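Each remark here refers to the structure printed beneath this line.
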Amino acid sequence: MGDLCVYIEIDGSRTRVGKISGNRPENAVFRYEPAYLNAYGSKAVSISLPLQSEEFSPLRTKMFFEGLLPEGFTRRSVAQWLRADENDYLTILAGLGKECLGAIQILAEGDTPPEPAYRKLTEKEVRDFAAEGAAASAELVTKAHLSLTGASGKAGLYLDTKEGSWYLPEGTAPSTHIVKQSHVRLKDIVVNEQLCQLTAKHLGIRVPDSFIAEPQAGESLPMLFATGRYDRKMPDCPAVLSGHPVPLRLHQEDFAQALGVPAAEKYESPGRHYLHDMFTLLRMYSADPVSDQLRLWDMIIFDHLVGNADNHIKNFSLLYNESLSGIRLAPAYDMVSTAVYESQTRNMAMNIGGQYDLSSIGRASFAAAAAEAGIGSRMALQRFDRMAEAFVPALEKAADELEKTGISRAAELKDEILRFGGIADLI
């Protein structure tokens, strides 16, 4: 395999920042272009890849760039479509890297970028995507060169809000929404996630806009969960493509990428202290470290109350502004009550005050976690108490809102969260 050119969008313009050289993951190295290093105001593409003229090791290179790729079944399916080894992240990146999370784009050296366009999806295509499982999403993302992290069946699509129609981004066209399938992992996962998102929003946690999209009327039919991409921003005077306004790409990186942690180690192992590392990162790099630490603390509390044991460090991200000159904590995403499923572990992805088991975590655990995170214990516990007190009304309000849209399963899920989530030990 030849070199892979790495681009990033800055203020709406695609800029070449460097390249990955090497034909195997074991010898592939990333290096910034001298022209980019010498340009005024150049910024690193990752906290873990600071500006330097020397190449980064194969391990450092892999930890960031492999973090752009899907995981699990979707990755295996994409590898089959590309006729590649699923461990060959370079080949998969070359196939999918034209539309990643954030503002990074990857093109093979010498390749001419495909013409961007938006192709309208038929109702049947949307319905099939909802019904056919992760293999269908893998086919869709491969054909559209879309790289979205995570293990669930999902794709990046463009929503025309005036028409209410979905479009498939082709070439280098950016998407506006991440759309997940309803039954890929667990029963009622779509309703579960939307219920959690609405509850978090009512508690003052910043979340992307989201909604349940039903290809056909009827709750029993497959549904899709659509989340507006917080790493896309519609400018005041956008360019127009295929008759549609084009959003800007905003750069982002998850905490695993920023900390230089391999995706395979996104779940904390004993002896690691991801919570401490995340808060330290915000203190060092956030444009508003005080506000962002409080926002992260609220997210950690919420994950416990709702029973989200999948709160690994790839489910928290940093969001850059258009010029890459400022970094903030990204909105909360991928929040699901895993505690309502018997098949799922009750061990949290990160320890809270030395405790992993959801049932063993309480107020004292959060007091210890605050000390580890480096935030004031009194303030941290005040926020814990306030959120714990407001959680049940917020959850009930969210369930009522979903029921009014015809999603009757929301009431049952609400009761299951109250029974099995971390809130159960506080009421």
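Mapping of the sequence shown onto my numbering: position 217 corresponds to residue 217, and the numbering continues sequentially without gaps. Beta carbons: idealized from backbone N, C-alpha and C, even for Gly. It should be emphasised that the depicted structure is a prediction, and the values quoted were computed from it without experimental measurement.
**Study point:** Under 8 Å between C-beta atoms of Leu-395 and Thr-199
**Key:** yes
Review point. How would you write the range of the alpha helix (DSSP H) that Glu-389 sits in, first residue to last?
Key: 377–404
Review point. Mind checking whether Ser-46 and Glu-253 have CB atoms under 8 Å apart?
Key: yes
Practice item. Would you mind stating whether Phe-366 and Ile-352 have Cβ atoms separated by less than 8 Å? Key: yes
Check your understanding: Can you name the start and end residues of the beta strand (DSSP E) that Glu-253 belongs to?
Key -> 252–254
Point to revise | Where Pro-289 sits in the DSSP three-state scheme | key: helix
Point to revise | Residue span of the beta strand (DSSP E) that contains Ile-8, given as start and end | key: 4–10
**Study point:** Beta-carbon separation (whole angstroms), Gly-228 vs Thr-176, contact threshold 8 Å
**Key:** 7 Å
Exercise for review: Report the option in Ile-361, Thr-345, Asp-209 whose CA atom is closest to the CA atom of Asp-334.
Suggested key: Asp-209
Review point. Are the beta-carbon atoms of Tyr-36 and Leu-107 separated by less than 8 Å?
Key: no
**Study point:** Asp-231 versus Tyr-40 - alpha carbon distance
**Key:** 24 Å
Exercise for review: To the nearest angstrom, report how far apart Thr-15 and Ile-104 are at their CA atoms.
Suggested key: 10 Å
Practice item. Indicate whether the contact test is met: 3 or more Cβ pairs, each with one atom in the segment 348–363 and one in the segment 157–176, closer than 8 Å. Key: no
Check your understanding: Given a threshold of 16 other Cβ atoms within 10 Å of its Cβ, counted over all protein chains shown, does Gln-52 qualify as buried or as exposed?
Key -> exposed
Practice item. Let me know the secondary structure DSSP gives Gln-197 once reduced to three states. Key: helix
Exercise for review: Going by CA-CA distance only, name the one from Lys-120, Glu-99, Thr-122 that's closest to Pro-113.
Suggested key: Glu-99
Review point. Are the segment 55–71 and the segment 256–276 touching by the rule of at least three beta carbon pairs closer than 8 Å?
Key: yes
Point to revise | 8 Å CB neighbourhood of Ala-364 in its chain, flanking five on each side removed | key: Gly-353
Exercise for review: Going by CA-CA distance only, name the one from Gly-421, Cys-5, Leu-157, Leu-68 that's closest to Gly-110.
Suggested key: Cys-5
Check your understanding: DSSP three-state call for Met-350: helix, strand or coil?
Key -> strand
Exercise for review: Measure from the alpha carbon of Phe-433 to the alpha carbon of each residue in Ile-313, Arg-127, Gly-362, then state which is nearest.
Suggested key: The displayed coordinates of the chain run from 1 to 427. Any statement about residue 433 would go beyond what the structure contains.
Check your understanding: Counting pairs of beta carbons, one from the segment 116–128 and one from the segment 9–29, are three or more of them closer than 8 Å?
Key -> no
Review point. Mind checking whether Val-207 and Pro-50 have CB atoms under 8 Å apart?
Key: no
Check your understanding: Who are the near neighbours of Tyr-89 in its chain, counting only those whose CB is closer than 8 Å to its CB and skipping five residues on each side?
Key -> Pro-25, Lys-62, Phe-65, Glu-66, Leu-69
Check your understanding: What's the C-alpha gap between Gln-382 and Asp-3?
Key -> 52 Å
Review point. Does the segment 269–289 come close enough to the segment 315–332 that 3 or more CB-CB pairs lie under 8 Å?
Key: yes
**Study point:** Where the beta strand (DSSP E) through Gly-228 begins and ends
**Key:** 224–228
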